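Written out below as structure tokens is the structure these notes cover.
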Amino acid sequence: MKTDISKLTEPEVAAELQLLAIEIAAHDTRYYQEDAPTVTDAEYDALRRRNQVLETAFPHLVLEDSPSKWVGAAPAAGFGKIEHAVPMLSLGNAFDEDDIREFFARIRRFLNLAEDDQVTLVGEPKIDGLSISLRYEEGKFVQAATRGDGRVGENVTTNARTIEEIPDRLSSDFPAVLEIRGEIYMSHVDFAALNETRKASEAQVFANPRNAAAGSLRQLDPSITAQRPLRFFGYSWGEISEPPADNQWDFLQRLKSWGFPINPETRRCDTPEDIMALHAGIGAKRALLGYDIDGVVYKVDRLDWQNRLGFISRAPRWAIAHKFPAEKALTVLKEIDIQVGRTGALTPVARLEPVTVGGVVVSNATLHNEDYI
Numbered sequence: 012m013k014t015d016i017s018k019l020t021e022p023e024v025a026a027e028l029q030l031l032a033i034e035i036a037a038h039d040t041r042y043y044q045e046d047a048p049t050v051t052d053a054e055y056d057a058l059r060r061r062n063q064v065l066e067t068a069f070p071h072l073v074l075e076d077s078p079s080k081w082v083g084a085a086p087a088a089g090f091g092k093i094e095h096a097v098p099m100l101s102l103g104n105a106f107d108e109d110d111i112r113e114f115f116a117r118i119r120r121f122l123n124l125a126e127d128d129q130v131t132l133v134g135e136p137k138i139d140g141l142s143i144s145l146r147y148e149e150g151k152f153v154q155a156a157t158r159g160d161g162r163v164g165e166n167v168t169t170n171a172r173t174i175e176e177i178p179d180r181l182s183s184d185f186p187a188v189l190e191i192r193g194e195i196y197m198s199h200v201d202f203a204a205l206n207e208t209r210k211a212s213e214a215q216v217f218a219n220p221r222n223a224a225a226g227s228l229r230q231l232d233p234s235i236t237a238q239r240p241l242r243f244f245g246y247s248w249g250e251i252s253e254p255p256a257d258n259q260w261d262f263l264q265r266l267k268s269w270g271f272p273i274n275p276e277t278r279r280c281d282t283p284e285d286i287m288a289l290h291a292g293i294g295a296k297r298a299l300l301g302y303d304i305d306g307v308v309y310k311v312d313r314l315d316w317q318n319r320l321g322f323i324s325r326a327p328r329w330a331i332a333h334k335f336p337a338e339k340a341l342t343v344l345k346e347i348d349i350q351v352g353r354t355g356a357l358t359p360v361a362r363l364e365p366v367t368v369g370g371v372v373v374s375n376a377t378l379h380n381e382d383y384i
């Protein structure tokens, strides 16, 4: 179980930060390169939160290769590499109403706004898929790259051309250079049909729609990608030769006019109460959307404010991902083992009947909380 930070010595904190960096990097490789995660989103988020708490309490112990400084994982072998003109960063997370109110407060403090100055956000479902950047020059689709490590991604241009929802040419009124950022995903219906086909041919089935989408896009044979029912939602931009709009909402309308799908659940919100209502509403219909989401993303609407707010090391200050509560599942506890860490710390580990949670088959669980034991 995790020791209370106030009881840790500096050497113990340094050792735990080293272990967290190794563990998070391993999970990033499994998720971004191998499309085969072994922990749930909630477990992964807990590791990153623990790392953040330790670094906040002991800033002088932050590692050069800290997880707080990187995004994703290096591009996998087999694909050409593309350096992003504008980095593809991650997002900070919010888990409850207090986090949302603090997000609003940070924006107000940074922009020096009065309490009654309205801060409008645009909220949209956080698609559980594979992030991609699509480059257009003079309206023609010329390049597609995965996020990779945020600076360098995989060249998946040929494969992306096979996806019907990605236009090969844009309609009128487009910038000379335009990079569209969005998410490749697979619907529940298409995922089920694909797995039925694979099962019939005795091929290995995919664990979840996200793995199926990522594995389908990252095929070395584009003809295989062409046979897979991949879909796309656009939501942002990278390099662009002219201002995209005055605000996030109007940019999304331009995106739609160019032929890109945008999420129909996207809304404008003016207050924390609006945000919480949107989060609850989308959460309530989550199972009915027809595709996987793991939260709601909020972005400051005004682009001039986005520019002023800028970025921290791995995420923008003007956006945040409001995650849904961790999924729960019922299983059988078979036994409890005690693992001894490098520092001598004893950690109880539950051995479970395998159960699927959040698209991951879980057979072991670390028992951090005494009450669980």
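According to our numbering, the sequence shown is numbered sequentially starting from 12. We put the beta carbon where it would ideally sit given N, CA and C, even for glycine. What you are looking at is a predicted structure, and each value in this text was computed from that prediction instead of being measured.
Given Val308 as reference, the closest of Pro255, Gly292, Thr277, Glu94 once Cα atoms are compared: Residue Thr277 holds the alpha-carbon nearest to the alpha-carbon of Val308 among Pro255, Gly292, Thr277, Glu94.
Own chain partners of Lys18 with C-beta closer than 8 Å, once the 5 adjacent residues on each side are dropped: If we look at Lys18 and ignore the five residues flanking it on each side, it has no Cβ neighbours.
Can you find the residues in the same chain that come closer than 8 Å, C-beta to C-beta, to Leu320, ignoring five residues on each side of it along the sequence? Within the same chain, Leu320 has close Cβ partners Ile118, Phe121, Leu122, Val311, Pro327, Arg328, Trp329.
Drop a sphere of 10 angstroms on the beta-carbon of Gly91, count the other beta-carbons inside from all chains shown, and report buried for 16 or more, exposed for fewer. Using a 10 angstroms sphere on the CB of Gly91, the tally of other CB atoms stays under 16, which defines it as exposed.
Could you spell out where the alpha helix (DSSP H) holding Phe262 opens and where it closes? In the DSSP assignment, Phe262 falls within the alpha helix (DSSP H) that extends over 259-268.
Rounded C-alpha distance that separates Met287 from Ile304: Each residue's alpha carbon lies about 16 Å from the other.
Just mark Leu344 as buried or exposed, buried being the case when its beta carbon has 16 or more other beta carbons within 10 Å. Counting C-beta atoms within 10 angstroms of its own C-beta, Leu344 has fewer than 16 neighbours from the protein chains shown and is therefore classed as exposed.
Going by alpha carbons, who is nearest to Glu126 out of Leu181, Thr282, Gly134, Asp160? Each of Leu181, Thr282, Gly134, Asp160 was checked against the Cα of Glu126, and the nearest Cα belongs to Thr282.
Within its chain, find whatever has a CB closer than 8 Å to the CB of Gln29; leave out the 5 residues flanking it on each side and keep chain order. The beta carbon of Gln29 sits closer than 8 Å to the beta carbons of Leu74 from its chain, once the five residues preceding and following it are set aside; these are given in chain order.
Between Lys151 and Arg172, which are expected to be in contact by the criterion C-beta below 8 Å, what is the C-beta distance as a whole number of angstroms? Incorrect: roughly 11 Å between the Cβ atoms, too far for contact.
What residue range does the alpha helix (DSSP H) around Tyr302 cover? In the DSSP assignment, Tyr302 falls outside any alpha helix (DSSP H), carrying neither H nor E.
Cβ-based burial, Arg60 [other Cβ within 10 Å; buried from 16]: Exposed.
Assuming His38 contacts Val50 (C-beta within less than 8 Å), just tell me the rounded distance between them. Contact flag correct, Cβ pair sits at about 6 Å.
Expected contact under 8 Å - CB spacing of Leu145 and Leu228 to nearest Å: Incorrect: roughly 12 Å between the Cβ atoms, too far for contact.
In terms of residues, what are the limits of the beta strand (DSSP E) holding Ala96? Unbroken run through Ala96: none, as it is neither H nor E.
Alpha carbon to alpha carbon, what distance is there between Ala96 and Phe202? Distance between the alpha carbons of Phe202 and Ala96 is about 33 Å.
With DSSP run on the structure shown, which of helix, strand or coil describes Ala25? DSSP places Ala25 in helix when its eight states are reduced to three.
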